[in-house]
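Heads up: the structure comes next, in structure tokens.
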Amino acid sequence: MTDLSLSGRVALVTGGTRGIGLATARALAEAGATVVLTGRDESRAKEAASAAGAAAGLALDVTDAKAVSALVRGVAKEHGKLDIVVANAGIMEDALLGMIKEELVDTTLSTNVAGTLHTVQAAARAMMRKKSGAIVVLASIVGEYGSAGQTVYAASKAAVANIARSAAKELGRSGIRVNAVAPGVIETDLTSGLSEDAKAENSSRTPLGRLGRPEEVANAIRFLVSDEASFITGQVLGIDGGLVL
Ligand SMILES: NC(=O)c1ccc[n+]([C@@H]2O[C@H](COP(=O)([O-])OP(=O)(O)OC[C@H]3O[C@@H](n4cnc5c(N)ncnc54)[C@H](OP(=O)(O)O)[C@@H]3O)[C@@H](O)[C@H]2O)c1
Numbered sequence: 001m002t003d004l005s006l007s008g009r010v011a012l013v014t015g016g017t018r019g020i021g022l023a024t025a026r027a028l029a030e031a032g033a034t035v036v037l038t039g040r041d042e043s044r045a046k047e048a049a050s051a052a053g054a055a056a057g058l059a060l061d062v063t064d065a066k067a068v069s070a071l072v073r074g075v076a077k078e079h080g081k082l083d084i085v086v087a088n089a090g091i092m093e094d095a096l097l098g099m100i101k102e103e104l105v106d107t108t109l110s111t112n113v114a115g116t117l118h119t120v121q122a123a124a125r126a127m128m129r130k131k132s133g134a135i136v137v138l139a140s141i142v143g144e145y146g147s148a149g150q151t152v153y154a155a156s157k158a159a160v161a162n163i164a165r166s167a168a169k170e171l172g173r174s175g176i177r178v179n180a181v182a183p184g185v186i187e188t189d190l191t192s193g194l195s196e197d198a199k200a201e202n203s204s205r206t207p208l209g210r211l212g213r214p215e216e217v218a219n220a221i222r223f224l225v226s227d228e229a230s231f232i233t234g235q236v237l238g239i240d241g242g243l244v245l
């Protein structure tokens with residue numbers, strides 16, 4: 001018998017206003033979880049929450065450690081617990097070596113690395129009391145294999161994968177599982193700037209012959225946070241149509 005139901009679970013998805021985060025919030029809600037999603041703008045977060053069937057949409061900038069901590073504590077308090085956290089909020093901006101501005105380094109690292117760390121740390125604190133929980137962070141194939149023009153983003157996503165591995169080692173004894181997903185090229189706002197030629201090239205290099213959809217990443221996340229994945233932790237799961245093969 002499968003146990004993909006998330007009925008009775010309380011879940012938080014950061015960066016849930018669009019793309020993979022929105023699809024994940026919807027997938028978790030459809031599986032029966034009470035979902036809170038966040039985004040930087042409150043009205044966009046509220047709109048997304050109602051589109052996803054989530055219980056609430058709240059404003060949160062993940063670069064603000066104190067705000068992350070307060071929001072996670074607040075969600076756990078309001079719902080009595082926190083079972084699932086998906087640290088999804090992230091940004092991607094390309095720049096060739098020699099053209100990388102300090103500001104790009106700062107915003108990418110503070111959002112993707114520090115933002116993920118703040119979220120995982122706050123989640124661990126909230127989950128520790130119950131000695132159970134499941135966390136998923138958003139890495140990338142780029143963080144595993146590198147990508148020309150994406151040195152800053154690749155560095156940030158390599159860090160995210162290692163946040164998952166280290167947190168899994170540290171939190172396993174507390175009954176908390178931590179995994180990462182490493183999507184390939186998924187059609188969202190993040191990749192909307194890719195030229196049609198670049199999209200066609202990525203599709204043709206992909207054994208499955210196309211780009212991915214946000215729902216396909218969301219389905220993997222839903223599995224990883226479910227009881228079906230009860231002995232899986234510290235993994236970085238590629239969701240890329242075979243692009244890296
Ligand atoms: N799409 C891909 O091909 C792909 C591949 C590999 C990995 N990923 C990773 O998957 C995650 C989601 O990507 P996506 O494609 O769905 O991106 P997206 O469509 O651009 O959505 C990004 C989300 O992150 C939120 N966000 C950005 N900066 C934030 C901040 N400082 N604080 C809080 N929220 C913030 C945005 O919310 P607001 O703008 O509403 O605040 C939005 O909800 C990212 O971590 C990305 O790196 C994506």
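Here the sequence shown is numbered in our numbering, starting from 1 and rising by one per residue. From the three backbone atoms N, C-alpha and C, an ideal C-beta is built for every residue, glycine too.
query: Any non-hydrogen atom of ligand 1 closer than 6 Å to Gly21 Cβ; result: yes
query: Exposed unless 16 or more other CB atoms sit within 10 angstroms - verdict on Ala33; result: buried
query: At least 3 beta-carbon pairs within less than 8 Å: the region 176–188 vs the region 220–237; result: yes
query: One or two residues paired with Asn38 in a DSSP bridge; result: As written in the sequence, residue 38 is Thr, which differs from the Asn given in the question. BP columns for Thr38 point to Leu58.
query: Same chain, Cβ closer than 8 Å to Val113, five either side skipped, listed in chain order; result: Ser156, Ala159, Val160 and Ile163
query: Exposure of Ser204, with buried meaning 16 or more beta-carbon neighbours within 10 Å; result: exposed
query: Ligand 1 heavy atom lying under 6 Å from the CB of Gly57; result: no
query: Terminal residues of the alpha helix (DSSP H) in which Pro214 lies; result: Pro214 to Leu224
query: Alpha-carbon spacing of Asn88 relative to Asn202, whole angstroms; result: 23 Å
query: Extent of the continuous beta strand (DSSP E) run through Gly90; result: Unbroken run through Gly90: none, as it is neither H nor E.
query: Reduced DSSP secondary structure (H/G/I, E/B, other) of Arg129; result: coil
query: DSSP beta-bridge partners of Gly238; result: Ala182
query: Segment limits, alpha helix (DSSP H) that includes Leu71; result: Ala65 to His79
query: Cross-strand partners of Gln150 (DSSP beta bridge); result: Ala95
query: Helix, strand or coil at Val142 according to DSSP, with G and I counted as helix; result: helix
query: Own chain partners of Leu96 with C-beta closer than 6 Å, once the 5 adjacent residues on each side are dropped; result: Gly149
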